[in-house]
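See structure below.
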Amino acid sequence: MSKKPPDYGLDAPGIVRNCLVFGGLGLCAGGMLAWREHHVMMWLGVVILIASTGLFSQGLLMIHYSKAGKFRCRDRILDFIEWKGQETVLDVGTGRGLLLIGAAKRTSGRAVGIDLWSQKDLSKNSADGTMANAAIEGVADRVEVRDQDAQHMAFADCSFDAVFSNLCLHNIPTLEGRQQACREIARVLRPLGSAVISDYKALEDYQSAFAAAGCHVEPPCRINYFPPLRVVRVQKPSRQC
Numbered sequence: 019m020s021k022k023p024p025d026y027g028l029d030a031p032g033i034v035r036n037c038l039v040f041g042g043l044g045l046c047a048g049g050m051l052a053w054r055e056h057h058v059m060m061w062l063g064v065v066i067l068i069a070s071t072g073l074f075s076q077g078l079l080m081i082h083y084s085k086a087g088k089f090r091c092r093d094r095i096l097d098f099i100e101w102k103g104q105e106t107v108l109d110v111g112t113g114r115g116l117l118l119i120g121a122a123k124r125t126s127g128r129a130v131g132i133d134l135w136s137q138k139d140l141s142k143n144s145a146d147g148t149m150a151n152a153a154i155e156g157v158a159d160r161v162e163v164r165d166q167d168a169q170h171m172a173f174a175d176c177s178f179d180a181v182f183s184n185l186c187l188h189n190i191p192t193l194e195g196r197q198q199a200c201r202e203i204a205r206v207l208r209p210l211g212s213a214v215i216s217d218y219k220a221l222e223d224y225q226s227a228f229a230a231a232g233c234h235v236e237p238p239c240r241i242n243y244f245p246p247l248r249v250v251r252v253q254k255p256s257r258q259c
């Protein structure tokens, strides 16, 4: 019997659905209008076709990211850490555990993921789903998930050697909230520990918050997949904690 593969879900399923449905309807409507003999209707159809093609294509690209692209992004993100093999890891906004489980495969230490399990951000998002994936991937004995808000973590100061967060912090609606989450990440990092934050927007908010917390912040670099991610790597100085 073949082994059941892990299921890391579809990112932003509502947006994907809307892109495909409205893009598809637009393509049908634009196609019918574009064949009209009336010039105004014809050009209106062309405009609708162009806009709908972009919308439909975005939906397809988002599906591709969920099924293939985010695995390559995960590997690029994990490569920002110089692994020694015994790191204790935190994944902020772990979802169904893509980064969390990938990190657990690179270390013999403990890997902890936190999330609020929003179904809007990821299909079938749940702690049980994450642990099911960890079991399939063979790391369940070293993985733990907790219901926690990134702005108010219940971990002690200096608990983790590495912290990751991918496409999560922008969901916090306020600037102060995003900065508070960054301060919490800095707080739970051990001296000389590294945090890797990847997102498609608000990177400047993260940079300023980590710098204000006394961390060394490297300039953001780009991962050229869809959505195009930028990555900030942060290191906590040895004198803290």
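The sequence shown: position 64 = 82 (the working numbering), numbered continuously.
Yeah, the Cβ is synthetic: ideal placement off N, Cα and C, and Gly gets one too.
Keep in mind it's a predicted model, so treat the numbers as computed, not measured.
In this structure, the straight-line span from the alpha carbon of P24 to that of A122 is close to 15 angstroms.
Taking each of F228, D159, L73 and A47 in turn and checking the Cα distance to V64, the smallest one comes out for A47.
Burial check for L207: the Cβ neighbour count within 10 Å reaches 16 or more, so the residue is buried. By the CB criterion at 8 angstroms, L210 and Q253 fall inside the cutoff. With contacts defined by Cβ atoms closer than 8 angstroms, G111 and A168 form a contacting pair. Here I99 carries a coil assignment [DSSP, helix/strand/coil].
In the DSSP assignment, the residues bridged to F182 are D109 and V214. In terms of CA proximity to L73, V34 leads the group D109, N189 and V34. Counting along the chain, no alpha helix (DSSP H) covers C176, and no H or E run does either.
The C-beta separation of A231 from C200 comes to about 7 angstroms, placing the pair in contact by the 8 angstroms criterion. Sequence-distant Cβ neighbours of P245 in its own chain, meaning closer than 6 angstroms and more than five residues away, are Y218. Counting along the chain, G72 sits inside the alpha helix (DSSP H) bounded by residues H57 to H82. Look at Q253 here: in three-state DSSP terms it is strand. Looking from the CA of K21, the closest CA among T192, R248 and I154 belongs to I154.
Contact between G127 and E105 holds: their C-beta atoms lie close to 5 angstroms from each other, under 8 angstroms.
Of the residues R164, M50, R251 and L38, the one whose Cα lies closest to the Cα of R114 is R164. Among the bridge pairs identified by DSSP, C239 is matched with V249. Looking at the DSSP output, G147 sits in no beta bridge, so it has no partner there. The Cβ atoms of V235 and A180 lie no closer than 8 angstroms to each other. Taking all protein chains in view, the Cβ of A86 is surrounded by fewer than 16 other Cβ atoms within 10 Å, so the residue is classified as exposed.
C-alpha of D175 to C-alpha of V39: approximately 47 angstroms in a straight line. Across the set G27, H82, R124 and M149, the C-alpha of R124 shows the shortest separation from the C-alpha of D93. Secondary structure of V157 (DSSP, three-state): coil. Here the alpha carbons of L247 and P255 stand approximately 26 angstroms from one another.
Distance between A227 and I99, taken at the CA atoms: about 21 angstroms. A straight line joining the alpha-carbon of Q166 with that of T192 spans about 18 angstroms.
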